[in-house]
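Here is the structure we will look at, set down as structure tokens.
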Amino acid sequence: MDRTPSLTGSEDCTDSSSNCSVPDTPANWSPNVVGEHYSIPMDEIALQPVMRADLPLGGAREGRISHRRVRRQIRNVCCIGAGYVGGPTAAMIALHNPHIRVTVVDRDEKRIRAWNSRHLPIHEPGLSDVVRAARDGLRPGVDGTGHFDASIEETTTRAPNLFFSTACAETIAEADVVMISVNTPTKRQGQGAGRATDMTAFEGATRDVATHSRRGCIIVEKSTVPCKTGQLIKNITQQHRPELDFPILSNPEFLSEGTAIKDLMRPDRVIIGCESTPSGIAAAEALADLYASWVPQERIVTNNIWSAELCKLTANAMLAQRISSINSISAICERTGADVGEIAKSIGLDRRIGPQFLKAGLGFGGSCFRKDIASLTYLAESLGLPEVAAYWEQVLTMNNYQRDRFALNVIAKLNNSLRGKKITILGYAFKKDTGDARESPALDVIRMLLEEGPKSIAIFDPLCSEADIRYELSALPAADAQDVVKVCADPYEACEDSSAVLVLTDWDMFKMQPRSAPVKAQPVDSPVIASFSPSTPADLLHLPQRSKEKPPTIVKDTVAVGTLPEEIIARLQPQADCETGCEECSLVRKSTSSKQRQEAIDWSRVATLVRQPKMLFDGRNVLDAAGMDALGFRLETLGRASTV
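If you use the UniProt record's numbering, the sequence shown corresponds to residues 1 to 644, in order.
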């Protein structure tokens, strides 16, 4: 901790406030201080002078005062930003800390209404149950017949402690901790366009915090931001409240869409970056205590603030690098007859390498990897490191190359002409188990196909909404893109009379099932992850704060991560009915009216619908080559020599 940087030259630990007072105590009494017993800001509690009992009353005047740092007590958390990071993160913190009030604020009224309804604005396996348990509270116990009985286990009835609101200023003013979790996209114009991070929303949120927060409030960077953003926060807070010095922490998220609840329940690590000042260290300890209610202590790592900011960009860059590396090998495999799947399995057995992120395909998509690598290259260039920037830029170049050559192969195998032909796209989301349509590899493939003038392009995805897909398509230069593209609610409708079927997302429902054991694909809203969090059911039910001395009990492999224990599920409050004419309800009824949206695709049926020669292009390597060959498909995959 002594190497942790400070955002200021010095820190005044004795700054007073007219809004607080210190309780009268004898000068020679050294109490066991607990933050909640004091009506003063928490940063002052952490640094209150404590008189040693063995000193005379005059000891203080002689300068013989020792400072005992007392762990800060957090009672109110505000998260700014109700998106893919803010919503799930706040829900998990609230779930495991029932004694703390957690409020997510956002100026988007529609989004907040969604979080307060049965129709959450984002799709994540297991998220709904976590939100309901914390947002709505839990009912009392059940009797032996399974019926609810209010007289049973009254002490374990849990009150709501997760809230969603548009009252930003009021919520910030009441918070002990404010997490900034707003969008930080890539700049689209001006200096650094296409690479630098657009900090507009982050700066606005920081100004709101500086304007409305109370003294001692801990400011936490949760958004993915460039290195040295902590100094930006410090500058803004000093401009608005120069008399105050807010503790600033960096707490980057490492969530993966589709497994966010698993990632939150059983994180590989929790990184907390702080200043080297007493209040910075105390703030880091306070935030660590929130996570320690379910995360083992050894997985909570404290860094200096600059390291914490940079480690998020580095982690994403290195994961993306692995994807581009195996994709580069896939191109060699196609020319030599080697099999990229066999190569990935072989090198993945090397403990130094491991098997993760070694699956060849269309490359990475989503809102993070490309953006974060672009930010890293811009940072390197701004620091006068052009060779470093060029190295990471090549990761993006390879990613784009993989998509381009996939689309070019489709065009080539269709005799270099798409005129009068229908093309089917199965899967638009950039990965399975998410409805996020942003930065999908499918968009680049569709862009290149549209340039060839196809008759139509039919898209089916079990989770992406038509509105989201069409919003992404609006960025394409083709003027007729919206007219040519049709979004289908049924995969067989999408495949009918198609000249080529392209699998662009690794949804489980697209995988070919063995003929001897036909099974349903995993429902799109069901958790598909392995092992529950360290908290026991009792931990989630009881309101009292757990002892800091007692480590959390780890429940291993009892239920799937992303799911809650059965005794918790049984106590979820019934969901309120929506208003008459709810648009989301009508969309749900429409999307679930066809069982095909949840069932594994019957490829034998697809084979009867498509045109000869039944061209099938697997952009995610999820299809069984032998099975498809038996059905008469001419299968093209990435990383294997063409058989067509």
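Quick reminder that beta carbons are idealized off the backbone N, C-alpha and C, glycines included.
query = On the three-state DSSP scale, how would you describe residue 488?
reply = In the three-state reduction of the DSSP assignment, residue 488 falls in the strand class, which pools E and B.
request  = In angstroms with no decimal places, state the Cα-to-Cα distance between residue 346 and residue 380.
outcome  = Each residue's Cα considered, the two are about 34 Å apart.
ask   = For residue 330, which residues from the same chain have a beta carbon less than 7 Å from its beta carbon, with the 5 sequence-adjacent residues on both sides left out?
value = Short of 7 Å from the beta carbon of residue 330, and not among the five residues preceding or following it, lie these beta carbons of its own chain, in chain order: 340, 360, 638, 639.
For residue 610 and residue 501, believed in contact at Cβ under 8 Å, the rounded distance = A Cβ-Cβ distance of about 6 Å is found for the pair residue 501 and residue 610, placing them in contact under the 8 Å criterion.
request  = Give me the Cα-Cα distance between residue 265 and residue 114, rounded to the nearest whole angstrom.
outcome  = For residue 265 and residue 114, the distance between alpha carbons rounds to 23 Å.
task = Could you tell me whether any non-hydrogen atom of the ligand FMN is closer than 7 Å to the CB of residue 353?
result = Absence of the ligand FMN is noted for the structure shown, with no ligands found whatsoever.
request  = Find out if the Cβ-Cβ distance for the pair residue 181, residue 79 is shorter than 8 Å.
outcome  = The answer is yes: Cβ separation under 8 Å.
message = Once DSSP output is grouped into helix, strand and coil, what is the label at residue 208?
response = Helix.
task = Use the C-beta contact count for residue 619: other C-beta atoms within 10 angstroms, 16 or more gives buried, fewer gives exposed.
result = Residue 619 is buried by the Cβ-count criterion.
key: Touch test, the region 407-426 against the region 453-467, Cβ-Cβ under 8 Å, three pairs minimum   = Cβ pair count under 8 Å is three or more, so yes.
request  = Kindly give me the distance between the Cβ atoms of residue 135 and residue 160, rounded to whole angstroms, as I take these residues to be in contact under 8 Å.
outcome  = Right, the Cβ-Cβ distance comes to about 6 Å (below 8 Å), so this counts as a contact.
task = Mind the definition here: the region 365-376 touches the region 278-293 only if three or more C-beta pairs lie below 8 Å; say whether that holds.
result = Too few Cβ pairs lie closer than 8 Å, so no.
task = Specify whether the region 193-209 and the region 169-178 touch according to this definition: at least 3 beta carbon pairs, one from each stretch, less than 8 Å apart.
result = With a cut-off of 8 Å on Cβ pairs, the region 193-209 is in contact with the region 169-178, counting three or more such pairs.
request  = Starting from the C-beta of residue 634, find all residues in its chain whose C-beta is less than 7 Å away, skip the five residues before and the five after it, and write them out in chain order.
outcome  = Within the same chain, residue 634 has close Cβ partners 613, 614, 615, 616, 644.
task = Kindly indicate which three-state DSSP category residue 454 falls into: helix, strand or coil?
result = If DSSP states are grouped into helix, strand and coil, residue 454 belongs with the strands.
ask   = What's the gap between the Cα of residue 49 and the Cα of residue 377?
value = Here the model assigns residue 49 a pLDDT of 32, short of 50, so the residue's position is not dependable and the matter cannot be decided.
inquiry  = Using C-beta distances below 7 Å, list every residue in its chain close to residue 402, excluding the 5 sequence neighbours before and after it, in chain order.
reply    = So the qualifying residues of the chain are 327, 362, 363.
request  = Give the DSSP-derived three-state secondary structure of residue 172 in the structure shown.
outcome  = Here residue 172 sits in helix by DSSP.
message = Relative to the C-alpha of residue 101, which candidate in 85, 174, 120, 116 has its C-alpha closest?
response = Nearest option by C-alpha distance: 174.
key: Segments assigned alpha helix (DSSP H), at least 4 residues, entirely inside the region 229-268   = Counting only runs of 4 or more, we get 229-240, 260-265.
query = Quick one: what does DSSP say residue 479 is sitting in, helix, strand or coil?
reply = Coil.
inquiry  = Please state whether the Cβ-Cβ distance between residue 197 and residue 220 is less than 8 Å.
reply    = It is not a contact, given that the beta carbons lie outside the stated cut-off.
query = Can you tell me where the alpha helix (DSSP H) with residue 134 in it begins and where it stops?
reply = Run containing residue 134: 127-136, per the alpha helix (DSSP H) assignment.
Straight-line Cα distance separating residue 111 from residue 272 = Approximately 29 Å between the Cα atoms of the pair.
inquiry  = Can you tell me whether residue 600 is helix, strand or coil according to DSSP?
reply    = In the three-state DSSP reduction, residue 600 falls in the coil class, being neither helix nor strand.
message = For residue 228, count the other beta carbons within 10 Å of its own beta carbon; 16 or more makes it buried, fewer makes it exposed. Which is it?
response = So residue 228 counts as exposed.
request  = Could you please give me the residues that DSSP links to residue 618 through a beta bridge?
outcome  = DSSP lists 503, 637 as partners of residue 618.
inquiry  = Under 8 Å: do the region 276-288 and the region 244-263 share three or more Cβ pairs, one atom per stretch?
reply    = Yes: the two stretches touch, three or more of their Cβ pairs being nearer than 8 Å.
ask   = Mind checking residue 191: buried by the 16 CB within 10 Å criterion, or exposed?
value = Here residue 191 is exposed. Its C-beta has fewer than 16 other C-beta atoms within 10 Å.
ask   = Does DSSP put residue 124 in a helix, a strand or coil?
value = If DSSP states are grouped into helix, strand and coil, residue 124 belongs with coil.
task = Spell out a yes or no on whether the region 250-259 and the region 77-91 are touching, meaning 3 or more CB-CB pairs, one atom from each, closer than 8 Å.
result = Between the region 250-259 and the region 77-91, the count of Cβ pairs shorter than 8 Å is three or higher; the stretches touch.
ask   = With a Cβ-Cβ cutoff of 8 Å, do residue 409 and residue 636 count as a contact?
value = Yes. Within cutoff.
query = Hey, which unbroken runs of the alpha helix (DSSP H) at 4 residues or more fall wholly within the region 362-415?
reply = Entirely contained in the region 362-415, the alpha helix (DSSP H) runs reaching 4 residues are, in chain order, 369-382, 386-413.
ask   = By the 10 Å Cβ neighbour count, where 16 or more other Cβ atoms means buried, how is residue 608 classified, buried or exposed?
value = It counts as exposed.
request  = Look at the alpha carbon of residue 120 and the alpha carbon of residue 132, and state the distance between them as a whole number of angstroms.
outcome  = C-alpha separation (whole angstroms): 10 Å.
ask   = Helix, strand or coil: how does DSSP classify residue 274 here?
value = The answer is strand: DSSP assigns residue 274 an E or B state.
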